Amino acid sequence: MAEITIEQLRTTIIDNDALAQDGFEEIRAIAKLALMALETPAGQNSPETLARAFEAIWGISERVEGAISSNAEEVGCNYVDSRFESRAKAMAEARHA
Numbered sequence: 006m007a008e009i010t011i012e013q014l015r016t017t018i019i020d021n022d023a024l025a026q027d028g029f030e031e032i033r034a035i036a037k038l039a040l041m042a043l044e045t046p047a048g049q050n051s052p053e054t055l056a057r058a059f060e061a062i063w064g065i066s067e068r069v070e071g072a073i074s075s076n077a078e079e080v081g082c083n084y085v086d087s088r089f090e091s092r093a094k095a096m097a098e099a100r101h102a
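Each residue of the sequence shown is one higher than the last, beginning at 6 in this note's numbering.
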């Protein structure tokens, strides 16, 4: 991997901060509306509307997580869950045994 500059890291951090702030604001707004809906009789009678709100939260979470992870990976700073990788490796070895 090529040497990463301080400016590239700074840009990545700023981009990730913007992604996180935007994504969390969207999630917060949808969650607040869903909770408010549960406080009304009409909201109690609209499970599909609430389901769509939860699907939107899920989708936003996945989109933001993927974008942040991709940005971090581009500069060699992505989180790697070594315990997960160890379990996955052990599972693959067990299947081949």
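We put the CB at the ideal spot given by N, CA and C, even for glycine.
All values reported here derive from a predicted model rather than from experimental measurement.
Quick one: does the C-beta of E70 sit closer than 6 Å to a heavy atom of the ligand COA? Looking at this structure, you won't find the ligand COA or any other ligand, since it has none at all.
For the alpha helix (DSSP H) that V69 lies in, which residues bound it at each end? From DSSP, the alpha helix (DSSP H) with V69 extends over P52 to E79.
Does the structure place the stretch 26-43 close enough to the stretch 78-98 that three or more beta carbon pairs sit under 8 Å? The stretch 78-98, when compared against the stretch 26-43, does not touch it at the 8 Å Cβ threshold.
Which of helix, strand or coil DSSP assigns to T45: Coil, per DSSP.
Which class does F22 belong to by DSSP, given the choice of helix, strand or coil? First, the amino acid is wrong: residue 22 is Asp here, not Phe. Looking at D22 - three-state DSSP - the assignment turns out to be helix.
Check the C-beta distance from I73 over to L14 and give it rounded, since I have them as a contact under 8 Å. Wrong, their Cβ atoms sit about 14 Å apart, outside the cutoff.
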